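Residue numbers (our numbering): 143 to 242. Since the structure comes first, as structure tokens, the remarks are kept for the end.
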Amino acid sequence: MSFPVKFTSTLTGAISDLDVLIQGVLVPSPGYKVNLTEDYSDHGELSVKFQISGDNGADFNIAYSCSTAGKDASDPNQPSPIKGTIARNGYLELTLSIDV
């Protein structure tokens with residue numbers, strides 16, 4: 143049986159651009175926010191990649207939530223909220239792996 147997966151995220155900070163890919167597919171992120179409900183549960187793992195651009199040294203925060211079948215899920219290695227800094231080349235990739 144498959145269940146819809148709800149994923150939301152908000153990125154704050156002094157960044158210049160954000161692309162978000164879920165399962166390798168670019169999804170809308172207006173205002174650096176993602177709000178998506180899709181059936182990804184057949185994959186077993188939800189992969190969310192944030193591609194963040196900004197000035198070197200720019201700090202950012204990502205608050206996210208994920209749920210499927212009424213249960214909360216998160217990346218055990220990167221719980222929400224995530225705090226980060228763009229360290230070099232004005233670009234940073236961050237990937238979440240969430241069991242769904």
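The C-beta atom is built at its ideal place from N, Cα and C for all residues, glycine as well. Because the structure is a prediction, the values reported are computed rather than measured.
Residue i versus residue j: straight-line alpha-carbon distance, rounded
i: Ile164; j: Gly196; result: 21 Å
i: Thr237; j: Gly212; result: 23 Å
i: Thr210; j: Ala229; result: 34 Å
i: Gly186; j: Asn177; result: 20 Å
i: Thr154; j: Asp184; result: 31 Å
i: Leu234; j: Gly173; result: 18 Å
i: Leu160; j: Ser171; result: 7 Å
Simplified DSSP state of residue i, which is helix, strand or coil
i: Asp181; result: coil
i: Gly173; result: helix
i: Leu189; result: Per the sequence shown, the amino acid found at residue 189 is Ser instead of Leu. Note: Ser189 maps to strand in three-state DSSP.
i: Ser195; result: strand
Where the beta strand (DSSP E) containing residue i begins and where it ends
i: Val147; result: Val147 to Gly155
i: Ile240; result: Tyr233 to Asp241
i: Ile228; result: Looking at the DSSP string, Ile228 is not in any beta strand (DSSP E), and its letter there is neither H nor E.
Close-in-space but distant-in-sequence residues of the same chain around residue i (CB under 7 Å, 5 per side omitted)
i: Ala215; result: Cys208, Ser209, Ile240, Asp241 and Val242
i: Met143; result: Low confidence applies here, because Met143 scores a pLDDT of 46, under 50, leaving its location unreliable and the question unanswered by this model.
Spatial neighbours of residue i in its chain, beta-carbon cut-off 8 Å, leaving aside the 5 residues before and after
i: Ile157; result: Tyr174, Ile194, Ser195, Gly196, Ala200, Phe202 and Ile228
6 Å Cβ shell around residue i - same chain, five flanking residues per side excluded
i: Ile224; result: Ile204
i: Asp217; result: Leu238, Ser239 and Ile240
Ranges of the beta strand (DSSP E) found wholly within the region 197 to 226, counting only runs of at least 3: 201 to 210 and 213 to 215
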